[in-house]
Amino acid sequence: MIDRKDHMEVATFQKPKKGNYYSGDRFFYLENKNYFIGALADGLGSGEMAKASADVAMDVIQENHHQSLEVIFDKCNEALIGTELRGCVLSIIKLDFTTNTYCYASVGNIGVITLFNDGKKHRSIPVSGYLSGIKRKVKVHEHPLKENTVFFLFSDGVNERTLTKDFYSHQSMQLTVDWYENQLGDYMDDDTTLVAMKYLG
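Just so you know, the sequence shown maps onto residues 1 to 201 in UniProt numbering.
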């Protein structure tokens, strides 16, 4: 299902690892008149404990989405201090409608791909490691925002090459997400989450 906002279209797919009831992946997105933010966290491990780690990050983002990405990552890290949780990997993308720019930051193996209207593709290189309460720097990348740009956030259950090839074939976020649901079905070896976001202008 496509969730269409004033400036954005968002399509999502999520399925836990085969044999698990809980997915350790959590995502969040929000649009207001000034900006859009999308985030995906993958808790370390699997099942309920992994979900708990990812939930911590999503709770922080929901409460602090107005802050800069540097501040949000710091607060996510701080929220994990003193817990028995193993931590999580996290990617966040934020589009600023007032300046026509977007920025993103990533720690760990959450994929971030940008597909431009002219067919060019950019794949972000994340900072290695994960969030666990130990203070760490994140690198925030900022670029001009162009109409009809598509952004993908995805966990390690998604095959990047298959994802982009299928999207170029269909030129549709919903058909791409539907393909994952129909083709991958019950054969997930890992928690799988895909968040597709299109900037409409």
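Ideal placement from N, C-alpha and C gives every residue a C-beta, glycine not left out.
Can you look up residue i in the DSSP assignment and give me helix, strand or coil?
i: residue 178; result: helix
i: residue 9; result: strand
i: residue 147; result: coil
i: residue 186; result: Only weak support exists for where residue 186 lies, its pLDDT of 48 falling under 50; the value from the coordinates is given anyway. Residue 186: coil per DSSP, three-state reduction.
i: residue 156; result: coil
i: residue 47; result: helix
Between the alpha carbons of residue i and residue j, how many angstroms are there, rounded?
i: residue 153; j: residue 102; result: 14 Å
i: residue 57; j: residue 41; result: 7 Å
i: residue 74; j: residue 82; result: 15 Å
i: residue 24; j: residue 134; result: 21 Å
i: residue 11; j: residue 70; result: 26 Å
i: residue 109; j: residue 88; result: 10 Å
i: residue 120; j: residue 84; result: 43 Å
i: residue 142; j: residue 52; result: 30 Å
i: residue 44; j: residue 26; result: 12 Å
i: residue 6; j: residue 79; result: 32 Å
i: residue 34; j: residue 115; result: 22 Å
i: residue 100; j: residue 63; result: 24 Å
i: residue 186; j: residue 192; result: Interpretation of residue 186 is limited by its pLDDT of 48, a score under 50 that renders its predicted location unreliable; no figure is taken from the coordinates.
What does DSSP give as the partner residue(s) for residue i in the beta ladder?
i: residue 196; result: 11, 152
i: residue 24; result: Residue 24 is not bridged to any residue.
i: residue 38; result: 29, 93
i: residue 3; result: 10
Counting C-beta neighbours from all protein chains within 10 Å, is the total for residue i 16 or more, i.e. buried, or is it exposed?
i: residue 14; result: buried
i: residue 65; result: buried
i: residue 117; result: exposed
i: residue 129; result: exposed
i: residue 68; result: exposed
i: residue 72; result: buried
i: residue 126; result: buried
i: residue 77; result: buried
Which whole runs of the beta strand (DSSP E) in the region 59-143 are 3 residues long or more, in chain order?
88-96, 101-107, 111-115, 121-123
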